[in-house]
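Participant: The following block contains the structure, expressed as structure tokens.
Numbering (our numbering), first residue to last: 165 to 397.
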């Protein structure tokens with residue numbers, strides 16, 4: 165597999181807003197201190213908006229309702245002949261009164277030594293449905309400027325998925341981290357440990373614009389709150 169492969173350019177008609185229902189994962193894979201039952205409230209909703217900014221850039225804007233208020237993100241990527249490169253991330257948390265509680269801005273053009281195919285950990289999975297000829301791919305997941313982890317993506321193939329508004333045809337993918345980025349164990353042990361690693365399960369529309377239909381797994385790096393996100397429209 166090619167570790168230097170970029171995310172492919174988005175398909176026609178990708179610039180659309182999709183709305184989702186959010187809920188805690190009923191059975192957690194890892195019992196860390198961060199619990200989606202505390203992060204979310206009953207009926208939590210979210211949205212993903214893809215925009216073609218100026219013909220040269222693509223933006224993914226997200227908005228999620230959480231118990232403490234709202235989390236909003238704006239992630240801008242540059243179009244290149246080889247695919248999309250990360251350019252800028254702005255992540256803001258607003259409290260229940262709409263006041264800014266936290267704010268993070270990242271310029272990926274800064275020379276920090278990261279690979280070109282490095283993308284924010286919570287946003288990378290949402291773009292994996294864009295068509296690619298490769299069945300297995302590898303990227304780098306940016307968690308913060310001091311921790312970047314290699315992740316692998318496997319396309320499982322066509323299936324169906326149950327959503328709040330009915331059953332849909334889907335392409336299923338699985339994303340999982342490379343154990344060697346956490347503990348140096350070698351390729352053989354890493355393969356054996358694969359079933360034990362945190363996995364992110366994703367279902368996408370088979371046709372353009374290849375929207376996320378369902379997401380299940382940690383919302384962030386291993387140890388993050390585990391949730392389910394389902395298309396609600």
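Each residue gets a CB set at the ideal place from its N, CA and C atoms; glycine is no exception. Note that this is a predicted model, so its numbers are computed, not measured.
(1) What would DSSP say about residue 169, mapped onto helix, strand or coil?
(2) Quick check: the Cα distance between residue 278 and residue 371, rounded to an integer number of angstroms?
(3) Work out the CA separation of residue 385 and residue 313 for me, nearest whole Å.
(4) On the three-state DSSP scale, how would you describe residue 302?
(5) Starting from residue 203, follow the beta strand (DSSP E) in both directions and report where the run begins and ends.
(6) Which of the three DSSP states is assigned to residue 258 in this structure?
(7) With H, G and I counted as helix, E and B as strand and the rest as coil, what does DSSP make of residue 341?
(8) Please name the residue or residues paired with residue 180 in a DSSP beta bridge.
(9) From the DSSP output, in three-state form, read off residue 115 for me.
(10) On a CA-only basis, which of 284, 180, 307 and 292 is nearest residue 217? Give me that one, please.
(11) How do the region 321–338 and the region 206–214 stand: do at least 3 beta-carbon pairs fall below 8 Å, yes or no?
(12) So residue 216 is in the beta strand (DSSP E); what residue range does that whole segment cover?
(13) For residue 200, count the other beta carbons within 10 Å of its own beta carbon; 16 or more makes it buried, fewer makes it exposed. Which is it?
(14) Report all residues from its chain with a CB closer than 7 Å to the CB of residue 271; omit the five preceding and five following residues, and keep chain order.
(15) Using CA coordinates, which residue listed in 174, 227, 198 and 169 is at the minimum distance from residue 182?
(16) Can you confirm whether the region 256–264 touches the region 292–309 when touching is taken to mean that 3 or more C-beta pairs between the two stretches lie within less than 8 Å?
(17) Across which residues does DSSP place residue 243 in a beta bridge pair?
(18) The beta strand (DSSP E) spanning residue 263 covers which residue range?
(19) Here's a check: name, in chain order, each residue in its chain whose Cβ is nearer than 7 Å to the Cβ of residue 391, leaving out the five neighbours to either side.
(20) Going by the beta-carbon positions, is the gap between residue 291 and residue 171 smaller than 8 Å?
Facilitator: If we stick to the structure as given:
(1) coil
(2) 32 Å
(3) 9 Å
(4) strand
(5) From DSSP, residue 203 is part of no beta strand (DSSP E) but of the alpha helix (DSSP H) over 200–203.
(6) strand
(7) strand
(8) Residue 180 pairs with nothing; no bridge assigned.
(9) In the structure displayed, the chain extends from 165 to 397; residue 115 sits before or after that span and is not available.
(10) 180
(11) no
(12) 209–216
(13) buried
(14) 252
(15) 227
(16) no
(17) 248
(18) Premise fails: residue 263 is in no beta strand (DSSP E) and is neither H nor E.
(19) 186, 187, 188, 189, 200, 204 and 383
(20) yes
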